[in-house]
Every structure is written in structure tokens, then in C-alpha cells.
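Numbering that gives the first Met the number 0 applies: residue 0 is where the sequence shown begins, and numbers increase by one.
Beta carbons: idealized from backbone N, C-alpha and C, even for Gly.
Okay, structure first, notes after.
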Amino acid sequence: MRAYQVIDADGHVVEPLDMWDRYFDDSYRKRKPKMVTDAGGHLRFELDGRLWPTPSGPGAGRPEGLGAFYAPDSAHRREGGWDATARLADMDREGIDIMVLYPSLLLMGVPVLRDAGLAEAVCQAYNNWLHEHCKTDPTRLIGVGLIPLQHVEVACREAERCVRSLGMRGVMAHPAPSDERNLDHVDFDRLYATMQALDAPLAFHEGGSGHQRTLSSYRYDNYILTHTLSHPFEQMAACANMIVGGVFERFPSLQVAYLEAGCGWLPSWLDRLDEHVARLHHLAPSLRLSPSEYFQRQCWISCDPDERTLASTIALIGDTKIVWASDYPHLDARSGPVKTFHDVQASLAPAALKAILQDNPRRLYGLSSQ
């Protein structure tokens, strides 16, 4: 019998096709999100007049669109994306005890909604549905709410509702600036104060598919590049900006997770930040700790099931701030993620495996040991 639980710190739901009919605010009914077929015959998500993933041009998403999620004949279709009973069966088969849930379609789109009321309606509909999804087995299915970062008042209000009323274990936002404000902008301090007071984590998760200004979306039109670059580059920028910009100095209890970007880049990134802050401290005079120390105190990062750089990452930064994620049921998720992880990480000490698979995600999300 295994000596520890396997907690998936970043699994995904696939928003059901009828979610908007069932949960969306009637006052915004004419602007209800929907699925459409594009000129090429591919299924896409339409939100406020824009198609996701972007069919072509800068920031292009998967050319085949979203059919792989929903088409009955798709090899990638997983009913567990929207059916909680099917998800639990998949978790049992894969050996996953608990899964923390993030969106799929709504990783795209929300950051560019300029109408605060519409953004709130979209997030509320999703969060209400997710709450119902998790009620099938709330000890194993853990929800993380979605907030519109660009509308700070709405984001704070929805974060409070998600954590206090819906029992969610944190909230998530997109790491890329949604307008001209970076993550250290004083406007976001109210959100950071809210999350600190709630004693719940703020997670950043990239979506990477056009219509918004990201480090890859305005430069490349090949999905290999937009997807490969968007996730780690955006999280590197978000992490650096929050540390150097003094967010963690101003909010010393705030906990932030940077997800689905791998972890192999982190040691060299922290080394570089440490060196620059030490040499150029006059440009960040409020910092009383090194970037590495802020990260160890307040930040978390996820690793992939087959991440070959994990052992070297642990050797440099330790194993206390790393969590494990399957990415189920996305197209780049690995088959047999738990077995893959144990096979690839066979050299890790049992204590490190236990920390990454159980102890760290429990601490991050405030999960019971039962």
C-alpha cells in the first residue's frame, strides 16, 4: 500500500456545452458565450465576438480547434472533463487520490473582457458550475475559482465568494498583463490583500492563444511556438515582476502558485534575479530578502509527470515548494501520469516523492490530512 496520497495540483475540467444555458446571468443573455464552427469547419469558443483558440495569425492556437475535446469520435475526448463520475473513475484508474481543478476554455478569453459586468457573469457561471461539479465528491475534487484580474473590484468580490461561500481552495488568473498594468501595479494590491486575508492561494495559469498581449502571441503564428513559449515565459515574467516589484514584501503572507510551466527553469531564473537584485539593489530598495528567499517563503511551482529536470531542480532549490500536475484531460497530458512520474523520477528519495505528491499540495491548498 502506498505510504502517501497522490494529489494532482493542476488538473482541468472541460466546460460542458450546456454550461452557459444553465448558469449564465440572464441579463447578459445576448452576449452568452457559445461554441461555433469556423469557416474551416473547426469547433471554436466564441466569447464577446472573438474566437478561441485564435484560428490564425499572431498567437494562433491549435489549428483543429476544440473538436478534440468534444467530438464523439475524437481519440482525445474525455467525458471526465465535464462528468464528475467519469472523472473519479479515471482518477481511480490512474491512481490519483485528489485532483485540484482549473478551467480549459476559460484559460482563454477572460483577460480581454473589457466589460466588468460581462467578465463577472462569465466567471460566476463557471465558478457556480465548478462548485456543483465538485459536490459529487468534495473530498477528492477541489475547485479553484476563476477571477477577472483586469477588473480588480470584481476580482476581489468573486474571490471572496469563491472561498467563503463556495468553499474553493483559492482562485486563479492569467499571468500576462491584461492592459498596461503589470502584476506589481498598486491597483492589484487590493486583490493581494484580499487573498492574504482569505488565507487562500492565488494561482497563475497561462492559456496562450491570441487576442491578448503575451510574450509569444504578438510574435509567432505557429502553435508549436505560441504554446511552447507562452507558458514558461509568462510565468517567468510574472514571478520576477512580483518579486522585484515588491509584492511579496508588501504582502508577506500571500501565497502564489505558478502552474503548468515546468520547473526546470526556476533555479537559473532565481540565480539571475538574486544576482541582479544584489548588484542593483538601489532599483528595488524595498526588498529586504533575496528573490530566492521570497520564493521559498511565498511561492509554489508545478512539475510535469515526465519532467527530466526535476532532480536537478530539487538539488538546487529543495523539494518543499514543488507540486505535481497531470494536466488531465488536456491534449498534452501524459498517459498514465502517476506511473510515468514514478518511472522518470526513480532516483528521487521517497521523502521527496511524498513531499511533491502529497505534503506540498496539502500545504498549498490547505487540504486536510484525512
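For residue i, does the three-state DSSP call read helix, strand or coil?
i	result
residue 257	strand
residue 28	helix
residue 19	helix
residue 7	strand
residue 292	helix
residue 49	strand
residue 148	coil
residue 367	coil
residue 346	coil
residue 286	coil
residue 44	strand
residue 161	helix
residue 229	helix
residue 179	coil
residue 339	helix
residue 238	helix
residue 221	coil
residue 72	coil
Given a threshold of 16 other Cβ atoms within 10 Å of its Cβ, counted over all protein chains shown, does residue i qualify as buried or as exposed?
i	result
residue 53	buried
residue 193	buried
residue 2	exposed
residue 223	exposed
residue 221	exposed
residue 166	exposed
residue 168	buried
residue 276	buried
residue 271	exposed
residue 163	exposed
Please return the same chain residues whose Cβ sits closer than 8 angstroms to the Cβ of residue i, not counting the five positions on each side in sequence.
i	result
residue 308	261, 262, 263
residue 320	294, 295, 298, 299, 300, 359
residue 139	87, 90, 96, 97, 98
residue 305	333, 339, 340, 343
Counting only the same chain and skipping the five closest in sequence on each side, list residues whose C-beta sits under 7 angstroms from that of residue i.
i	result
residue 78	85
residue 230	205, 207, 259, 260
residue 265	300, 312, 316
residue 155	189, 190, 193
residue 285	245, 248
Closer than 6 angstroms by C-beta to residue i: which residues in its own chain qualify, once you throw out the five before and the five after it? Chain order, please.
i	result
residue 244	183
residue 108	46, 51
Under 8 angstroms by Cβ, that's how I've got residue i and residue j pegged, so tell me the actual separation to the nearest angstrom.
i	j	result
residue 122	residue 157	5 angstroms
residue 253	residue 191	5 angstroms
residue 233	residue 174	4 angstroms
residue 147	residue 112	6 angstroms
residue 200	residue 256	6 angstroms
residue 203	residue 172	6 angstroms
Based on the DSSP output, what are the partners of residue i in its beta bridges?
i	result
residue 142	100
residue 216	None; residue 216 has no bridge partner.
residue 194	DSSP, once it has assigned bridges, lists no residue as partnering residue 194.
residue 170	144, 201
residue 35	43
residue 370	The requested residue 370 is not part of the displayed model; the chain covers only 0 to 369.
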